[in-house]
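A.B. asks: Structure below; questions to follow.
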Ligand SMILES: [Zn+2]
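Residue numbers (this note's numbering): 759 to 1295.
Below you can see the structure in the form of structure tokens.
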């Protein structure tokens, strides 16, 4: 008898328990020696036997048919086949006597053997794979149902091996959270954010260099961070700890629109803080930075118009020394600062409104809660319809996918509302504090802070004749006007009345807007319910 040795092990789940090919070879070698078998060739293959179509196996059967060998030595029958096509061929060849024997470590199968027995063993091997893949799919499905993302933990999290859950990474999680919230402000470009990440020690997986821009973008776009996860195009609410709120996520997506362009020519821009900051009043082109080196070696930094407008000739000639430019920035920031005294007065006023606000907040919470329960039952009905087969997978995804983030959004809104005492007044307090804090940035000459502050408080920043003019948006524009007016008058009582008279700084609590309570940036409105009476403080 002439034997082929056939060894096989795939990297797939069903072969996880099987001996390695090397181990199979060594075991079979021993069997061959002990039984004095004549081995024609040794064939190995790293492929699953789940489906027909293994090249080495097919080649072996072809060679057996051709008479090169008439017996097979293999570790176990399931090495030869885990599907009925291949199994049937083996049985057929055995019955026809083309194969005289199949020898395994525990048994020898001969043509005279009951075919049913061999078929049964091959059937078991086949069923094993089917069950296994079913179990694995069921396992994944079950994990997803429980809200556990199946796969490698995203940056800032780790796979907890015992519970098989995804948990916040003790060091990276808080750091990345801070970074994401920074980016959401819209004040940071992708370069800035990468620098901040590197500073914070958020490096690539090898811990050697900064993360690639593509990885950072992926992080910024990933819905996992606000509490959902995607599986085969379907969104699921996760049980993992979210890093940011849905609101912050949305803000990040908005910020991405402005900052997704990868930086280039960084070297040229070195030393300039106020790039992508101001535009030329004459031609509307952006203001760039330029360095001049005199023959003496002295360096001068200028800001100037790029003169790139082809339609309109620019009348700005020459540039602005960076010292002058920075003093213009400080002058503009000072326009929208609030003294300690007035900060206290305004905050006290806000305090008196907060009670009324609390009552209205409860109304909103109640409404959101009923909205949430409607949404939940809708999702539940969809799940039932899908399980029933009323909906196919595509219809199901299409209808359900937008509901899942919506549900999360409402849940987070409720949590946010319940956690905050002053909700709508909170932005107003923040605004008062920020206007007050801006004084420190001027005092410390904190250029970056002043830059992002003016980017936020102004709709544009125009440079003309060595002067920077910021068009302040609400409510900053009222503060700027008031500050200018206050500076121009000498009398203290006149100043006081000027500060209070700005009804726009005086947003009496009014009805909550219907939809988004927390998105309420327009503070500078004149309330309809405000009596307009001035306090006599
Ligand atoms: Zn210009």
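Yeah, the Cβ is synthetic: ideal placement off N, Cα and C, and Gly gets one too. Keep in mind it's a predicted model, so treat the numbers as computed, not measured.
Quick one: is residue 1265 buried, meaning 16 or more other Cβ sit within 10 Å of its Cβ, or exposed?
C.D. replies: Residue placement at residue 1265 is flagged as unreliable, the pLDDT there being 45, under the threshold of 50; a coordinate-derived value is accordingly withheld.
A.B. asks: Please classify residue 1250: is it buried, with 16 or more other beta-carbons within 10 angstroms of its beta-carbon, or exposed?
C.D. replies: So residue 1250 ends up on the exposed side.
A.B. asks: Go to residue 1297, then tell me how far its beta strand (DSSP E) extends in each direction, as first and last residue.
C.D. replies: This structure cannot settle anything about residue 1297, because the visible part of the chain is limited to 759 through 1295.
A.B. asks: Would you list the residues whose beta-carbon is nearer than 6 Å to any heavy atom of ligand 1, in the order they occur in the chain?
C.D. replies: That query returns the following residues: 1038, 1040, 1041, 1043, 1063, 1065, 1072, 1074.
A.B. asks: For the beta strand (DSSP E) that contains residue 764, what are its first and last residues?
C.D. replies: Segment 760 to 766, the beta strand (DSSP E) holding residue 764.
A.B. asks: One question on the structure: do residue 941 and residue 880 come within less than 8 Å of each other, judged by their Cβ atoms?
C.D. replies: No, these two residues do not count as a Cβ contact at 8 Å.
A.B. asks: I need the boundaries of the beta strand (DSSP E) containing residue 798, first residue and last residue.
C.D. replies: Segment 796 to 803, the beta strand (DSSP E) holding residue 798.
A.B. asks: Measure the alpha-carbon distance for residue 894 versus residue 839 and round it to whole angstroms.
C.D. replies: Distance between the alpha carbons of residue 894 and residue 839: 21 Å.
A.B. asks: Going by CA-CA distance only, name the one from 950, 910, 802, 844 that's closest to residue 1210.
C.D. replies: The shortest C-alpha separation from residue 1210 is found at 950.
A.B. asks: Restricting to runs no shorter than 4 residues, where is the alpha helix (DSSP H) found entirely within the stretch 814 to 857?
C.D. replies: Listed in chain order, they are 835 to 838, 842 to 853.
A.B. asks: Name the two residues that bound the continuous alpha helix (DSSP H) containing residue 1167.
C.D. replies: 1161 to 1177 is the extent of the alpha helix (DSSP H) around residue 1167.
A.B. asks: Got a sec? Which residues, its chain only, sit under 8 Å from residue 1305 by beta carbon, not counting five neighbours each side?
C.D. replies: The shown model of the chain, from 759 to 1295, leaves out residue 1305, and the question about it has no answer.
A.B. asks: Should residue 822 be labelled buried (16 or more other beta-carbon atoms within 10 Å of its own) or exposed?
C.D. replies: By the neighbour-count rule (16 or more Cβ atoms within 10 Å), residue 822 is buried.
A.B. asks: How big is the Cα-Cα spacing for residue 1025 and residue 1032?
C.D. replies: Here the model assigns residue 1025 a pLDDT of 39, short of 50, so the residue's position is not dependable and the matter cannot be decided.
A.B. asks: Here's the rule: buried if 16 or more other CB atoms are within 10 angstroms of the residue's CB, otherwise exposed. What is residue 1142?
C.D. replies: Exposed is the call here.
A.B. asks: Is the number of C-beta pairs between the stretch 1038 to 1045 and the stretch 1055 to 1073 that are closer than 8 Å three or more?
C.D. replies: Segments in contact, yes.
A.B. asks: Helix or strand or just coil, what does DSSP make of residue 809?
C.D. replies: Of the three classes helix, strand and coil, the one that applies to residue 809 here is coil, per DSSP.
A.B. asks: Looking at ligand 2, does it come within less than 7 Å of residue 1117, judged from the CB to the closest heavy atom?
C.D. replies: Inclusion of ligand 2 in the displayed structure is not the case, the ligand content consisting of ligand 1 alone.
A.B. asks: Could you please give the first and the last residue of the uninterrupted beta strand (DSSP E) stretch that includes residue 1091?
C.D. replies: Run containing residue 1091: none in the beta strand (DSSP E); it sits in the alpha helix (DSSP H), 1080 to 1093.
A.B. asks: Any idea what DSSP makes of residue 713, helix, strand or coil?
C.D. replies: No statement about residue 713 is possible, as the shown extent of the chain runs from 759 to 1295 and does not include it.
A.B. asks: My guess is that residue 915 and residue 989 are in contact by the Cβ rule of under 8 Å, so how many angstroms apart are they, rounded?
C.D. replies: Going by Cβ atoms, the distance from residue 915 to residue 989 rounds to 16 Å, so no, they are not a contact pair.
A.B. asks: Just the C-alpha distance for residue 944 and residue 1226, rounded to the nearest angstrom, thanks.
C.D. replies: Taking the straight line from one Cα to the other gives about 22 Å.
A.B. asks: Taking just the CA atoms, how far does residue 1212 sit from residue 910?
C.D. replies: Whole-angstrom Cα-Cα distance: 41 Å.
A.B. asks: Work out the CA separation of residue 908 and residue 898 for me, nearest whole Å.
C.D. replies: Rounded to whole angstroms, residue 898 to residue 908 spans 7 Å at the Cα level.
A.B. asks: How far does the beta strand (DSSP E) with residue 912 in it extend, from its first residue to its last?
C.D. replies: Here residue 912 belongs to no beta strand (DSSP E), and DSSP marks it neither H nor E.
A.B. asks: Measuring CA to CA, which of 794, 780, 1163, 1184 is closest to residue 986?
C.D. replies: With distances taken between Cα atoms, residue 986 lies closest to 1163.
A.B. asks: Tell me the DSSP secondary structure of residue 946 in three-state form.
C.D. replies: Here residue 946 sits in coil by DSSP.
A.B. asks: For a test of the three-state rule: what should DSSP assign to residue 1031, helix, strand or coil?
C.D. replies: Here residue 1031 sits in coil by DSSP.
A.B. asks: Considering residue 921, what are the terminal residues of the alpha helix (DSSP H) in which it resides?
C.D. replies: Per DSSP, residue 921 belongs to no alpha helix (DSSP H) and is neither H nor E.
A.B. asks: Would you kindly report the start and end of the unbroken beta strand (DSSP E) that includes residue 1045?
C.D. replies: That run of the beta strand (DSSP E) goes 1045 to 1051.
A.B. asks: Which first and last residues belong to the beta strand (DSSP E) in which residue 782 is found?
C.D. replies: Run containing residue 782: none in the beta strand (DSSP E); it sits in the alpha helix (DSSP H), 779 to 792.
A.B. asks: Can you confirm whether the stretch 857 to 868 touches the stretch 801 to 810 when touching is taken to mean that 3 or more C-beta pairs between the two stretches lie within less than 8 Å?
C.D. replies: These segments do not touch.
A.B. asks: Where do the N-terminal and C-terminal ends of the alpha helix (DSSP H) with residue 1240 fall, by residue?
C.D. replies: First-last of the alpha helix (DSSP H) with residue 1240: 1234 to 1246.
A.B. asks: From residue 970 to residue 935, what does the alpha carbon distance come to, in whole angstroms?
C.D. replies: For residue 970 and residue 935, the distance between alpha carbons rounds to 18 Å.
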